[in-house]
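J.: Going by my numbering, the first residue of the sequence shown is number 4, and it counts up by one from there.
Below is one structure. I have some questions about it.
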Amino acid sequence: MTVLQARGIGVSFGGVRALDGVDLDVAAGEVVGIIGANGAGKTTLFDCLSGITPCEGQVVLDGTDVSGMAVHERARAGLGRSFQDARLFHSMTVLDTLRVASERRRPLGTGVLATLTGGGREADAAATARAEELVASFGLAAYRDKLVGELSTGTRRVVDLACLLILRPTVILLDEPSSGIAQREAEALAPLLLRVREELGCALVLIEHDMPLVLSVAERLYALETGRVIAVGDPADVVRDPDVVRSYLGDDPAAINRSG
4 MTVLQARGIG VSFGGVRALD GVDLDVAAGE VVGIIGANGA GKTTLFDCLS GITPCEGQVV
64 LDGTDVSGMA VHERARAGLG RSFQDARLFH SMTVLDTLRV ASERRRPLGT GVLATLTGGG
124 READAAATAR AEELVASFGL AAYRDKLVGE LSTGTRRVVD LACLLILRPT VILLDEPSSG
184 IAQREAEALA PLLLRVREEL GCALVLIEHD MPLVLSVAER LYALETGRVI AVGDPADVVR
244 DPDVVRSYLG DDPAAINRSG
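If you want it as structure tokens, here you go:
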């Protein structure tokens, strides 16, 4: 079953064609990698899928056309999105950060009136319980009461991922999750991503320059070059595709041989 489908995604910035007719399909529970050199259009594609950047084409999420929806509406429909820099409040503790993220799951009507009638207290208790559950599940107990600004980049990324999962998304878009983190933390990222997929059953789509990481988790790869898909399929085949090799390394046989 296809849970995310994009057709003919295109966008221009001035005279530059950043994306040109990109098609993308993601099956339920699938891990899809998106690779390409800098400037290939990878993050722009995520911005279009999540509604940040208006674009041509159609985006269908879990059978619903979300092309005309705003960012928050797509999030409520089941589309999670992370960024290269974990966008968290550095002056909040890990537990409070997760509690605030839990607030986004409150249904309409649990505002001031609900608080006055007692329903708000129940929602607060549920948010705290969910946050504590995620602290335990993601191995964050040692950081529970630490400020986010005191955490390493890798740990902040784990907190950011936990915040996304509170919304119980159908699809999560991960933009370079290994960017800026230590090698030890990068090595721990692959099992964490696979565990998230197994426990929630959500699909993962990740942009990643760390080739060993993406090859260890992705079941299919899309390769982009100057806003177009130049290869798609089994990861082992895509990274050996002549067009992909040329896109990364050029046409110099010596450079290709040195790359392995």
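Glycine included, every Cβ here is placed at the ideal spot set by N, Cα and C.
Out of curiosity, what's the CA-to-CA distance linking Y251 and R20?
T.: Within the sequence shown, the letter at position 248 stands for residue 251. Within the sequence shown, the letter at position 17 stands for residue 20. Within the model, the alpha-carbon separation for Y251 versus R20 is close to 20 Å.
J.: Drop a sphere of 10 angstroms on the beta-carbon of R159, count the other beta-carbons inside from all chains shown, and report buried for 16 or more, exposed for fewer.
T.: Along the sequence shown, read from residue 1 onward, the residue named residue 159 stands at position 156. It is buried - the Cβ of R159 has at least 16 other Cβ atoms within 10 Å.
J.: Nearest by alpha-carbon distance to D68: which of L7, I233 and V35 is it?
T.: Numbered from its first residue, the sequence shown carries residue 68 at position 65. D68 has its Cα closest to that of L7, out of L7, I233 and V35.
J.: Would you check if the region 211-224 and the region 232-248 touch, i.e. whether three or more CB-CB distances between them fall below 8 Å?
T.: yes
J.: Would you call the region 134-143 in contact with the region 54-66, where contact means no fewer than 3 C-beta pairs closer than 8 Å?
T.: no
J.: For a test of the three-state rule: what should DSSP assign to S15, helix, strand or coil?
T.: Locating residue 15 in the sequence shown gives position 12, counting from the first residue. Note: S15 maps to strand in three-state DSSP.
J.: Keeping to the same chain, check which residues put their C-beta closer than 8 Å to that of M214; ignore five residues upstream and five downstream.
T.: Residue numbering aside, residue 214 sits at position 211 when the sequence shown is read from its first letter. So the list reads I38 and V242, once near-sequence residues are dropped.
J.: Distance, Cα to Cα, G112 vs A73?
T.: Working through the sequence shown from its first residue, we reach residue 112 at position 109. Working through the sequence shown from its first residue, we reach residue 73 at position 70. Caution is warranted here: a pLDDT of 46 is assigned to G112, below 50, making its placement in the model unreliable, and no coordinate value can be reported.
J.: By the DSSP assignment, the alpha helix (DSSP H) with L203 in it spans what residues?
T.: Here residue 203 corresponds to residue number 200 of the sequence shown, with the count starting at 1. Where L203 is concerned, the enclosing alpha helix (DSSP H) stretches over Q186 to L203.
J.: Roughly how many whole angstroms lie between the Cα atoms of F244 and A234?
T.: Walking along the sequence shown from the start, residue 244 turns up at place 241. Walking along the sequence shown from the start, residue 234 turns up at place 231. According to the sequence displayed, residue 244 carries Asp and not Phe. Using only the alpha carbons, I get a separation of about 7 Å.
J.: Where are the beta strand (DSSP E) runs, 3 residues long or more, that stay fully inside the region 69-99, in chain order?
T.: Counting whole runs of 3 or more residues, the region 69-99 contains the beta strand (DSSP E) stretches 82-84.
J.: Check the C-beta distance from S85 over to L176 and give it rounded, since I have them as a contact under 8 Å.
T.: For the purposes of this step, residue 85 is taken as the residue at position 82 of the sequence shown. For the purposes of this step, residue 176 is taken as the residue at position 173 of the sequence shown. Correct: roughly 7 Å between the Cβ atoms.
J.: Whose C-beta lies closer than 7 Å to the C-beta of E179 among residues of the same chain, with five residues either side of it excluded?
T.: Indexing the sequence shown from 1 puts residue 179 at position 176. If we look at E179 and ignore the five residues flanking it on each side, its Cβ neighbours are Q87, I210, E211 and H212.
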